[in-house]
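Trainee: In the numbering used here, the protein residues as written are 208 to 508.
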Amino acid sequence: MDETRRGLAYGLTAYAIWGFFPLYIRLLEPAGPVEILAHRVVWSVVFVAALLTLLRGWSFLRSLRGQPKRLGGIALAAVLIGINWGGYIYGVHTERVVETALGYFITPLVVVLLGVLVLRERLRPAQWAALGVSALAVLVLTVDYGRLPYIALTLAASFGTYGLVKKNLALPPSGGLFVESAVLALPALAYLAWLTATGGSTFGTEGAGHLALMVLSGAATAIPLIMFAGAANRLTLTAVGILQYVAPVLQLVVAVFIFHEPMPPARLAGFALVWVALIIFTVDGIRSSRAARKAAVATAA
Numbered sequence: 208m209d210e211t212r213r214g215l216a217y218g219l220t221a222y223a224i225w226g227f228f229p230l231y232i233r234l235l236e237p238a239g240p241v242e243i244l245a246h247r248v249v250w251s252v253v254f255v256a257a258l259l260t261l262l263r264g265w266s267f268l269r270s271l272r273g274q275p276k277r278l279g280g281i282a283l284a285a286v287l288i289g290i291n292w293g294g295y296i297y298g299v300h301t302e303r304v305v306e307t308a309l310g311y312f313i314t315p316l317v318v319v320l321l322g323v324l325v326l327r328e329r330l331r332p333a334q335w336a337a338l339g340v341s342a343l344a345v346l347v348l349t350v351d352y353g354r355l356p357y358i359a360l361t362l363a364a365s366f367g368t369y370g371l372v373k374k375n376l377a378l379p380p381s382g383g384l385f386v387e388s389a390v391l392a393l394p395a396l397a398y399l400a401w402l403t404a405t406g407g408s409t410f411g412t413e414g415a416g417h418l419a420l421m422v423l424s425g426a427a428t429a430i431p432l433i434m435f436a437g438a439a440n441r442l443t444l445t446a447v448g449i450l451q452y453v454a455p456v457l458q459l460v461v462a463v464f465i466f467h468e469p470m471p472p473a474r475l476a477g478f479a480l481v482w483v484a485l486i487i488f489t490v491d492g493i494r495s496s497r498a499a500r501k502a503a504v505a506t507a508a
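If you want it as structure tokens, here you go:
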């Protein structure tokens, strides 16, 4: 298997795991969203620490010494990914998986918007058109829901901003996940201790299967992230960008056909507008990438 095919296999596996992850979260009930989030954080730290020990990958910690700005960036990244994980779990727990799928559909468009607002990037006309269509989609879905789709917007904004912060940290995937989870681990452990003391914990009270699933949530968090990193190192940015739509498509399938969440015509129209925006955005990105490659070849010649 060549490196491109290996990267494609890694990417599809990672996004498939993320796409079917709502099924895993439902298996963790009757635990509440905050308890699930806390266990996910704690067991992620344990799993990644074991992995780093096995691979002797602790050397990255030396690069963090005497760098308060970088440590501050890691803390911010930790808070953002914690909000993203918590919002996702809450969406699944409250039977709004359709809305979580919407959040990950619009994330690429939010990233473009952040590029304009934060990095002062200049957009091409097609990118402006995609943003305009996506804004119309949010308006249509707001009318359908009778409120702003706040779960979707929270997921898109938190993950988009997380990517922006991570871009400047330059940490290895496993090391980055360990440090970010470690930042969240103390409040997570404090919450779990309080929950146990007040008799509200489900850990160990719902049978061995439930306990095992809680513990394995750390591996279920880390493994697709590591596979995604393997894909990103082997595939073009365009290929990775197209692959990212696999997860929300699968989430939408799970929501509608397994969880039987409603998809009225107005909501379907809103999603159709999102897909139109993504098609415009993706086609423009492919054309721009090809033009850049041709220009580079011409310059080299």
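Idealized CB from N, CA, C, for every residue including glycine.
If distances are taken between C-alpha atoms only, which option among 210, 358, 254 and 349 comes closest to residue 302?
Mentor: 358
Trainee: Rounded to a whole number of angstroms, what is the C-alpha to C-alpha distance between residue 423 and residue 398?
Mentor: 19 Å
Trainee: Can the beta-carbon of residue 487 be found less than 8 Å from the beta-carbon of residue 363?
Mentor: Contact: no.
Trainee: Terminal residues of the continuous alpha helix (DSSP H) containing residue 385?
Mentor: 380-404
Trainee: If you pair each beta-carbon of the stretch 408-418 with each one of the stretch 220-238, do three or more pairs fall below 8 Å?
Mentor: Flag = yes, the stretch 408-418 and the stretch 220-238 touch.
Trainee: To the nearest angstrom, how far is the alpha carbon of residue 340 from that of residue 480?
Mentor: 6 Å
Trainee: Do residue 294 and residue 361 have their C-beta atoms closer together than 8 Å?
Mentor: yes
Trainee: Any heavy atom of the ligand NAP inside 7 Å of the beta-carbon of residue 211?
Mentor: By its list of ligands, the structure shown contains no ligand whatsoever, and the ligand NAP lies outside what it can speak to.
Trainee: Is it buried or exposed for residue 455, if we count other Cβ within 10 angstroms and need 16 for buried?
Mentor: Classification for residue 455: buried.
Trainee: Three-state secondary structure (DSSP) at residue 354?
Mentor: Reduced to three states, the DSSP call for residue 354 is coil.
Trainee: Looking at the secondary structure, which residues open and close the alpha helix (DSSP H) in which residue 217 lies?
Mentor: Per DSSP, the unbroken alpha helix (DSSP H) holding residue 217 starts and ends at 210-226.
Trainee: Mind reading off the beta-carbon distance from residue 484 to residue 309? Whole number of angstroms is fine, and I expect it under 8 Å.
Mentor: The Cβ separation is near 12 Å, so there is no contact.
Trainee: Within a Cβ cutoff of 8 Å, which residues of the same chain sit near residue 465, ignoring the five residues on either side of it in sequence?
Mentor: 230
Trainee: In its own chain, which residues sit with a C-beta less than 6 Å from the C-beta of residue 300, not counting the 5 before and 5 after it?
Mentor: 240
Trainee: In three-state DSSP terms, what is residue 467?
Mentor: coil
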